[in-house]
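K.L.:
First the structure, which I've put down as structure tokens, then a few questions once you've had a look.
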Amino acid sequence: MQSQKIVYKGKEFVCFLAFVVHLIGDKYKTLIMYYLKDGPQRFGVLQKSIAGISNRMFSYAIRVLEKEVLLILYMLNNYGER
């Protein structure tokens, strides 16, 4: 079975996993996802869990994650089942 290459913002990824790692590779996004692994948390509680993150950076990371998760779900629906 041959996997389909993914091109995103001019960069080519050889597999879906490489694409996902590229999207969530940021320090704060990874920490946010770690703290959300057990379920939803309130915005302020989640932010306090991550030491050293500013309000602006936290809000930015959350917005980016929301967009990327939607993109990942879209990709899974289109490429995951054949």
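2 is the number of the first residue of the sequence shown in the numbering used here; add one for each residue after it.
Think of the CB as a built atom: it goes at the ideal place given N, C-alpha and C, for glycine as much as any other residue.
Bear in mind that the values here come from a model prediction, so they are computed numbers and not experimental data.
1) Express the C-alpha separation of N78 and K30 in angstroms, rounding to a whole number.
2) Which whole-angstrom value describes the C-beta separation of Q48 and F59, a residue pair presumed to lie in contact below a C-beta threshold of 8 Å?
3) Please classify F44 as buried or exposed, where buried requires at least 16 other C-beta atoms within 10 Å of its C-beta.
P.N.:
Working from what's here:
1) 23 Å
2) 5 Å
3) exposed
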